[in-house]
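Step one of this worksheet: look at the structure below.
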Amino acid sequence: MQLINPFPDKPTQHYWDRYPTPSLGYLSQFLESKKIPTQIIDMRFERLKLVNVLERINSNVIGITGMTHQLPLLQNIAQTIKQKYPSTKIIIGGSHATAYPKETLEQYNEFDYLIYGEGEQTLFEFFTKDIDSIDGLVYRDSSSVVVNKPRALANDIDIFPFPKWQGLPKSSKYSIFTSRGCPYQCNFCVPTHDKKVKFRSAESVIEEMTYLKENYNPKEIEIGDDTFTINRKRLDTILEGLIPLKMKWKARGRVDTVDYELLSKMKKAGCFAIEYGVESGNSEILENSGKGITKEQVINAVALTKKAGIHINLNFILGHPYETITTAKETIDFGVGLNPTRMNVGIMVPYPQTKIREMALKGEGGYKKLPSDLSWDNLDKYLGSGLELENLDRKTLEKLQVEAYIRFYSQNFKVIEGSKFFLSHAIGIFNVIGNLLRRR
Ligand code: B12
Ligand code: SF4
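Numbered according to numbering that gives the first Met the number 0, the sequence shown spans residues 0 to 439.
Right, dumping it as structure tokens:
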């Protein structure tokens, strides 16, 4: 079979990191281990156009992954493949398919099957069992969409072989996952995998890092876990194993799970950057977001991370429930004042299965009522136009977002970093400015 990660022919933003897509790596490696030949067509990593994809299609079963805002893009890709190869069966999976299994197959005729939740075993069974007996599969019978019962998540994720990336061009960057799931419940975040975190063994993680070093010698590894810094004991063993490898890697952490001892050890083990979600500079909003952290913990973690010599990327959101210009400015002031290496500021997106979406659909939390039929491509974190508040319209939110970036780079005298940021995000920035002008 072939597995596709989509990318638009005319990107509205071009800055997403280029590295092979982990979900497709896992799926393909699992099938290969079961002797089912699989090929990855990673449009985002290889920056392929649809015409290139059509040239590569050589299987009549195609799997495609995608996030919510990519659904119209996925539909177009599926439609075009089917026009040229009418007998192809297309299976959709990924975060949107998992959030809305039945609705997605009802809404889009282009997809023949849908796999929700963890995909490896379900996809394998697709080739080996009757479709009505496969947990986690959705299909059409003559009159309706049938949703088979959910597949229980694997308890031991070491059973999934890590991606080996054969058949793809060599990359200077790879992403690895050492765990699946997140125990927290932020009101804006899409629940992926499980609240009970499943950890890979430290040995398997070191084995993957060693494999990547020996076979690809990448400049950088991204540890993609939702929160790499939980489960200290396992972390310590992983860090010990990473020290001799001398690889450069970055990870996501939580400000309430780090201390100086850990950060120094991470640095020694090759960590060059940590990303923390701070979300808001207003204490009440932060508390109501369900993130479970305080501003004091943020200040402390930022200071310790700087002391350990690790770069810091901080993520903020504008447009929380009951956000006002005053609270949004508090967020900007807080972020600018912390002076991290990078400050990412997104506008709230009402992603499927989040508390924010529930509120917005009902017009609660100070939000203008969100139309339930709003096209999915509006749910793009940086360039969408899904959400606004009664007292804070979209245009003002976008102006505040632009202000945040300008103030961050100018007030912290980051002239070189600022120039690099504006150059690498040029397409996105022109789109944001275009949106602002159109809304005048
Ligand atoms: C890595 C990552 C990225 C990478 C690469 C993503 C890619 N697919 O190309 C980058 C940095 C590019 C990225 C960007 C964004 N991301 Co992102 N990202 C992730 C992250 C952290 C990990 C995904 C991952 O690889 N997991 C590991 C693999 C093994 O698990 P998996 O992806 O869930 O895949 C399993 C199943 O879903 C299923 N499956 C998946 N695909 C398929 C396909 C088939 C055919 C089948 C059968 C099964 C199947 O099987 C897999 C194995 O079990 C997730 C959060 C998370 N923890 O999942 C967010 C997440 C996917 N991202 C999200 C978002 C919103 C974004 C952004 C829009 C905004 C942002 N975060 O800044 C941008 C958009 C980029 C763009 N314009 O296209 C949301 C998506 C929400 C939604 N409903 O769509 C998530 C869920 C984060 C969250 N909790 O809110 N992201
Ligand atoms: S934002 Fe981070 S901490 Fe919160 S639920 Fe999502 S992954 Fe977990």
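Positions of the beta carbon are idealized from the N, C-alpha and C atoms, including for glycine.
Continuous alpha helix (DSSP H) stretch holding residue i: start and end
{"i": "residue 196", "result": "Segment: none, residue 196 is in no alpha helix (DSSP H) and carries neither H nor E."}
{"i": "residue 265", "result": "259–267"}
{"i": "residue 297", "result": "294–306"}
{"i": "residue 235", "result": "231–241"}
{"i": "residue 400", "result": "393–410"}
{"i": "residue 219", "result": "It is not in any alpha helix (DSSP H) - residue 219 instead sits in the beta strand (DSSP E) that spans 219–222."}
{"i": "residue 75", "result": "70–83"}
{"i": "residue 52", "result": "49–55"}
{"i": "residue 137", "result": "Residue 137 -> not in any alpha helix (DSSP H); beta strand (DSSP E) instead, spanning 136–139."}
{"i": "residue 42", "result": "42–45"}
{"i": "residue 159", "result": "That residue, residue 159, is in no alpha helix (DSSP H); it is neither H nor E in DSSP."}
{"i": "residue 360", "result": "354–361"}
{"i": "residue 328", "result": "324–337"}
{"i": "residue 418", "result": "414–423"}
{"i": "residue 123", "result": "119–125"}
Cut-off 8 Å between Cβ atoms - residues of its own chain near residue i, not counting five sequence neighbours on either side
{"i": "residue 195", "result": "180, 182"}
{"i": "residue 477", "result": "Since the first residue of the chain shown is 0 and the last is 439, residue 477 is not available in this structure."}
{"i": "residue 46", "result": "6, 17"}
{"i": "residue 261", "result": "228, 231, 234"}
{"i": "residue 298", "result": "337"}
{"i": "residue 149", "result": "115, 116, 134, 135"}
{"i": "residue 111", "result": "88, 89, 90, 138, 139"}
{"i": "residue 334", "result": "277, 280, 313, 315, 342, 344, 403, 407"}
{"i": "residue 389", "result": "365, 366, 367"}
{"i": "residue 43", "result": "4, 5, 6, 15, 17, 20"}
C-beta contact flag for residue i and residue j at 8 Å
{"i": "residue 404", "j": "residue 67", "result": "no"}
{"i": "residue 187", "j": "residue 316", "result": "yes"}
{"i": "residue 19", "j": "residue 167", "result": "yes"}
{"i": "residue 152", "j": "residue 95", "result": "no"}
{"i": "residue 24", "j": "residue 217", "result": "no"}
{"i": "residue 175", "j": "residue 207", "result": "yes"}
{"i": "residue 284", "j": "residue 319", "result": "yes"}
{"i": "residue 178", "j": "residue 159", "result": "no"}
{"i": "residue 296", "j": "residue 258", "result": "no"}
{"i": "residue 169", "j": "residue 215", "result": "yes"}
{"i": "residue 61", "j": "residue 35", "result": "no"}
{"i": "residue 440", "j": "residue 378", "result": "Missing from the structure shown is residue 440; the chain here goes from 0 to 439 and no further."}
{"i": "residue 64", "j": "residue 189", "result": "no"}
{"i": "residue 119", "j": "residue 26", "result": "yes"}
{"i": "residue 107", "j": "residue 82", "result": "no"}
{"i": "residue 103", "j": "residue 91", "result": "yes"}
{"i": "residue 219", "j": "residue 288", "result": "no"}
{"i": "residue 223", "j": "residue 21", "result": "yes"}
{"i": "residue 360", "j": "residue 385", "result": "no"}
Buried/exposed call for residue i, threshold 16 Cβ in 10 Å
{"i": "residue 4", "result": "buried"}
{"i": "residue 343", "result": "buried"}
{"i": "residue 105", "result": "exposed"}
{"i": "residue 281", "result": "buried"}
{"i": "residue 306", "result": "exposed"}
{"i": "residue 251", "result": "buried"}
{"i": "residue 69", "result": "buried"}
{"i": "residue 247", "result": "exposed"}
{"i": "residue 86", "result": "exposed"}
{"i": "residue 290", "result": "buried"}
{"i": "residue 225", "result": "buried"}
{"i": "residue 302", "result": "exposed"}
{"i": "residue 213", "result": "exposed"}
Beta strand (DSSP E) segment containing residue i, residue limits
{"i": "residue 249", "result": "248–252"}
{"i": "residue 2", "result": "1–4"}
{"i": "residue 284", "result": "From DSSP, residue 284 is part of no beta strand (DSSP E) but of the alpha helix (DSSP H) over 282–287."}
{"i": "residue 26", "result": "Premise fails: residue 26 lies in the alpha helix (DSSP H), 21–32, not in any beta strand (DSSP E)."}
{"i": "residue 145", "result": "144–146"}
{"i": "residue 114", "result": "112–114"}
Close Cβ partners of residue i (< 6 Å) along its chain, the five nearest in sequence each way excluded
{"i": "residue 97", "result": "115, 116"}
{"i": "residue 52", "result": "40"}
{"i": "residue 478", "result": "Shown here, the chain extends from 0 to 439; a query on residue 478 therefore has no answer."}
{"i": "residue 100", "result": "113, 115, 137, 146"}
Per DSSP, the bridge partner or partners of residue i
{"i": "residue 92", "result": "64"}
{"i": "residue 178", "result": "198"}
{"i": "residue 270", "result": "248"}
{"i": "residue 442", "result": "Past the edges of the chain, shown from 0 to 439, lies residue 442, and the structure says nothing about it."}
{"i": "residue 428", "result": "Answer is none; residue 428 lacks a bridge partner."}
{"i": "residue 345", "result": "316"}
{"i": "residue 106", "result": "According to DSSP, which records beta bridges pairwise, residue 106 is partnered with nothing at all."}
{"i": "residue 366", "result": "388"}
{"i": "residue 275", "result": "252, 313"}
{"i": "residue 133", "result": "Its beta-bridge partners do not exist; DSSP assigns none."}
Cβ neighbours of residue i in the same chain (closer than 7 Å, five flanking residues each side left out)
{"i": "residue 266", "result": "307, 308, 309"}
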